[in-house]
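This report refers to the structure that appears directly beneath it.
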Amino acid sequence: MYEIEQHKVSEAARRDTHLDADGYERLYRQSIEQPDTFWAEQATRFVDWMQPWSKIHESNMDKGEAAWFIDGKLNVSANCIDRHLAKRADQTAIIWEGDDPSEDRHISYRELHQQVCRLANVLKARGVKKGDRVCLYMPMIPEAAFAMLACTRIGAVHSVVFGGFSPDALRDRIQNAECRVVITADEGVRGGKSIPLKQNVDKALADCPDVHTVVTVKRTGADIPWHEHRDVWCHEACAAVSDVCEPEPMDSEDPLFILYTSGSTGKPKGVLHTTGGYLLSTALTHHYVFDYHEGEVYWCTADVGWVTGHSYIVYGPLCNGATTLMFEGVPTYPNASRCWDIVDKHKVNIFYTAPTAIRALMALGDEPVKSTSRASLRLLGSVGEPINPEAWEWYYHVVGDSRCPVVDTWWQTETGSILIAPLPGATDLKPGSATRPFFGVEPALYDNDGNELHGVADGNLVIKRSWPSQIRTVYGDNQRFIDTYFSTYKGVYFTGDGARRDEDGYYWITGRVDDVLNISGHRIGTAEVESALVLHDAVAEAAVVGCPHDIKGQAIYAYVMPMHNATPSDELLADLKVYVSEQVGAFAKPDFIQWAPGLPKTRSGKIMRRILRKIACDELDTLGDTSTLSDPTVVDELIEHRLNRG
Ligand code: WTA
Numbered sequence: 001m002y003e004i005e006q007h008k009v010s011e012a013a014r015r016d017t018h019l020d021a022d023g024y025e026r027l028y029r030q031s032i033e034q035p036d037t038f039w040a041e042q043a044t045r046f047v048d049w050m051q052p053w054s055k056i057h058e059s060n061m062d063k064g065e066a067a068w069f070i071d072g073k074l075n076v077s078a079n080c081i082d083r084h085l086a087k088r089a090d091q092t093a094i095i096w097e098g099d100d101p102s103e104d105r106h107i108s109y110r111e112l113h114q115q116v117c118r119l120a121n122v123l124k125a126r127g128v129k130k131g132d133r134v135c136l137y138m139p140m141i142p143e144a145a146f147a148m149l150a151c152t153r154i155g156a157v158h159s160v161v162f163g164g165f166s167p168d169a170l171r172d173r174i175q176n177a178e179c180r181v182v183i184t185a186d187e188g189v190r191g192g193k194s195i196p197l198k199q200n201v202d203k204a205l206a207d208c209p210d211v212h213t214v215v216t217v218k219r220t221g222a223d224i225p226w227h228e229h230r231d232v233w234c235h236e237a238c239a240a241v242s243d244v245c246e247p248e249p250m251d252s253e254d255p256l257f258i259l260y261t262s263g264s265t266g267k268p269k270g271v272l273h274t275t276g277g278y279l280l281s282t283a284l285t286h287h288y289v290f291d292y293h294e295g296e297v298y299w300c301t302a303d304v305g306w307v308t309g310h311s312y313i314v315y316g317p318l319c320n321g322a323t324t325l326m327f328e329g330v331p332t333y334p335n336a337s338r339c340w341d342i343v344d345k346h347k348v349n350i351f352y353t354a355p356t357a358i359r360a361l362m363a364l365g366d367e368p369v370k371s372t373s374r375a376s377l378r379l380l381g382s383v384g385e386p387i388n389p390e391a392w393e394w395y396y397h398v399v400g401d402s403r404c405p406v407v408d409t410w411w412q413t414e415t416g417s418i419l420i421a422p423l424p425g426a427t428d429l430k431p432g433s434a435t436r437p438f439f440g441v442e443p444a445l446y447d448n449d450g451n452e453l454h455g456v457a458d459g460n461l462v463i464k465r466s467w468p469s470q471i472r473t474v475y476g477d478n479q480r481f482i483d484t485y486f487s488t489y490k491g492v493y494f495t496g497d498g499a500r501r502d503e504d505g506y507y508w509i510t511g512r513v514d515d516v517l518n519i520s521g522h523r524i525g526t527a528e529v530e531s532a533l534v535l536h537d538a539v540a541e542a543a544v545v546g547c548p549h550d551i552k553g554q555a556i557y558a559y560v561m562p563m564h565n566a567t568p569s570d571e572l573l574a575d576l577k578v579y580v581s582e583q584v585g586a587f588a589k590p591d592f593i594q595w596a597p598g599l600p601k602t603r604s605g606k607i608m609r610r611i612l613r614k615i616a617c618d619e620l621d622t623l624g625d626t627s628t629l630s631d632p633t634v635v636d637e638l639i640e641h642r643l644n645r646g
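Residues in the sequence shown are numbered consecutively from 1, following the UniProt record's numbering.
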């Protein structure tokens with residue numbers, strides 16, 4: 001066990017926190033025993049409503065149905081902007097730090113209001129109406145937040161597609177959500193390199209005839225192809241419209257956004273979130289988990305293309321009137337001190353990042369950290385994958401100078417907001433544990449047969465009662481939604497994660513129990529990589545598993561069976577890697593590809609991934625029973641030719 005095991009929160013950190021241990025217990029108990037009272041109080045305190053709700057909540061966990069703040073009306077952009085204007089019009093809402101350290105911008109709440117109204121009016125002028133879907137394919141620039149908020153202002157549903165996705169992946173998502181408008185930039189900039197976003201959009205749109213408008217933000221001024229009637233420059237269109245746009249009153253259960261995420265099978269799923277519950281949960285968790293205090297500078301390093309960027313760069317912080325920092329670049333450019341230089345430059349108080357970034361920086365040594373001050377830091381956060389205790393310790397001691405609590409926050413695209421995490425000043429920390437449930441969250445552990453496990457246990461993590469920012473459906477496929485989340489175990493939400501509960505009731509997330517990989521905090525379905533591989537002419541069959549990786553958490557290990565007429569070669573291997581990048585995105589590129597004469601299958605033809613995982617992870621002693629395979633000799637062959645991952 002680690003020396004730090006029972007981190008008593010230091011007095012310095014405890015001084016001004018919103019809650020202490022008793023406060024957490026009291027509120028948690030209220031949220032479970034008197035949920036209507038709890039949620040009514042929080043919803044009144046954190047959100048402005050245009051019309052009050054008639055009922056707090058209704059749910060059916062057998063079918064995944066949930067409705068929160070029924071009949072309530074509100075507008076998300078009004079909550080994130082307008083209501084702050086009386087008090088903090090001149091306060092910075094968004095600090096933007098460019099990839100190039102000499103570039104930054106401060107956007108006040110007043111300016112945010114104008115920009116969002118203008119862009120909302122541009123969308124309206126191009127025919128976008130309440131309920132229409134708008135695709136955003138953006139780099140990390142303030143206009144990404146403007147565009148999200150502009151959609152919410154007029155009741156349009158945004159679908160943000162991460163800028164690292166390939167044109168094909170973008171096309172699939174535009175088609176699935178039936179978007180008719182895309183907002184993008186000429187290019188993105190990351191780590192000194194440019195990313196041809198507009199060009200990717202043009203490629204994707206070759207197969208999307210219904211898209212009639214592409215609004216392009218000028219980021220680099222690169223020469224880009226232009227489609228006269230379809231394409232408009234964002235700055236030109238915004239200059240031509242009014243900077244007043246009344247916020248549309250939205251029903252609490254009206255759709256707010258769609259965000260695609262990977263599952264264990266099939267195509268990515270469009271997770272649908274609705275308005276009132278999502279906004280309240282993100283604001284509430286941002287306030288308590290990050291212990292946000294007025295005037296503080298808060299920085300979440302995620303990309304707005306992922307849920308962390310949605311909930312904790314844009315919606316939660318802005319709903320709370322915070323100053324949120326948005327960084328265009330990468331942690332190691334132009335050097336390994338970049339994050340801490342930004343912390344010092346903008347006096348960041350709260351820093352929220354992923355374990356993969358922490359491990360990458362840790363590998364570069366303490367010096368790039370120690371050479372900076374970081375005196376403004378008060379709190380550190382982690383998200384996206386299990387954080388190993390070594391990385392936790394380094395984060396706490398080296399980055400935080402043993403002074404800042406680390407909040408390890410567990411949640412998912414589907415949960416919309418943080419569900420399990422310590423509260424600074426209230427929860428004693430244990431490195432590697434996401435600790436205790438947030439208010440209103442009732443986690444449980446089930447065995448594979450669906451029996452609930454009590455006390456100290458290891459099992460499948462489920463959530464027993466509805467919470468406000470719960471996924472409402474998979475866009476266009478409600479049956480898949482029910483099958484994925486509400487069918488494995490009756491009457492509860494299944495997370496897809498495994499977890500252990502210790503003697504203090506703390507949760508330790510052990511990772512996915514399904515075929516979803518977590519590569520540098522990016523969620524990738526093995527099926528997605530496999531279907532990309534088999535599209536290649538030289539590939540007959542492919543099976544993909546994850547194996548441990550020091551920095552990325554997991555790496556992608558693919559077994560590929562070549563077509564009878566293809567010759568396995570190093571060139572072909574390199575080709576296959578590029579091919580997957582083109583099909584999905586560079587982040588899904590396999591790290592290892594092993595040629596396979598055959599794949600281990602059961603007699604009914606099902607690939608035995610368990611065995612492939614063991615071979616890839618070099619865990620040959622625990623290979624298990626191979627006698628049920630249709631051809632057990634395949635396994636010996638694969639073991640003999642397994643790749644050296646060292
Ligand atoms: C994993 C990201 C351990 C988990 C917010 C989950 C974590 C998946 C943690 C969701 C954490 C996220 N500790 N594992 N603190 N946070 N995960 O949808 O496997 O991109 O199911 O949402 O990331 O990934 P997603």
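Note that beta-carbon positions come from the ideal geometry of N, C-alpha and C, so glycine has one too. Predicted model, so just to flag it, every value in this text is computed and none were measured.
Residues bridged to residue i [DSSP beta-bridge criterion]
i: Y559; result: A543 and Q594
i: W299; result: L325 and F351
i: L445; result: L453 and L461
i: W467; result: None, per the DSSP bridge assignment.
i: W68; result: H57
i: T152; result: None; T152 has no bridge partner.
i: H273; result: F257
i: F494; result: V462
Between the CA atoms of residue j and residue i - distance to the nearest angstrom
i: L569; j: P334; result: The amino acid at residue 569 is misidentified as Leu; the sequence shows Ser. Distance between the alpha carbons of S569 and P334 is about 36 Å.
i: V584; j: D366; result: 35 Å
i: V369; j: L533; result: 40 Å
i: V635; j: A302; result: 40 Å
i: D207; j: E528; result: 20 Å
i: L279; j: F481; result: 22 Å
i: E11; j: F351; result: Confidence is the limiting factor: at E11 the pLDDT is only 44, short of 50, which leaves the residue's position unreliable and the question unanswerable from this model.
i: D625; j: M563; result: 29 Å
i: D168; j: A204; result: 6 Å
i: G23; j: R45; result: 17 Å
i: G459; j: S262; result: 22 Å
i: Q175; j: H454; result: 45 Å
Sub-9 Å separation of residue i and residue j beta-carbons
i: G525; j: G511; result: no
i: residue 654; j: W68; result: What the structure shows of the chain is the stretch from 1 to 646, and residue 654 is not part of that stretch, so it cannot be assessed.
i: L576; j: A555; result: no
i: S520; j: T409; result: no
i: L170; j: E143; result: no
i: T282; j: C319; result: yes
i: D71; j: Q42; result: no
i: W392; j: P431; result: yes
i: V398; j: M362; result: yes
i: H522; j: F592; result: no
i: A78; j: R153; result: yes
Residue i beta carbon near the ligand FMN (any heavy atom closer than 8 Å)
i: V406; result: This structure lacks the ligand FMN; its bound ligands are the ligand WTA.
Proximity test, residue i beta-carbon vs the ligand WTA heavy atom, cut-off 8 Å
i: G305; result: no
i: P431; result: no
i: Q412; result: yes
i: I509; result: yes
i: R512; result: yes
i: G496; result: yes
i: V516; result: yes
i: S469; result: no
i: A434; result: yes
i: I593; result: no
6 Å Cβ shell around residue i - same chain, five flanking residues per side excluded
i: D514; result: S264 and G496
i: F146; result: Q115, V116 and L119
i: H57; result: W68
i: V407; result: V289, G381, A421 and P422
i: I358; result: A391 and Y395
i: A89; result: Y109 and R110
Cβ-based neighbour list, residue i, same chain, cut-off 7 Å, excluding 5 preceding and 5 following
i: A596; result: Y559, V560, M561 and L638
i: V545; result: T526, Y557, R609, L612, R613 and A616
i: C238; result: R118, L119 and V122
i: W64; result: Contrary to the premise, residue 64 reads as Gly rather than Trp in this sequence. Answer for G64: F481, I482, Y485 and F486, listed in chain order.
Chain-order list of residues whose beta-carbon lies under 8 Å from that of residue i (same chain, five-residue window excluded)
i: Y507; result: W410, I420, S433, A434, T435, R436, P437, P443, L461, A499, R500 and R501
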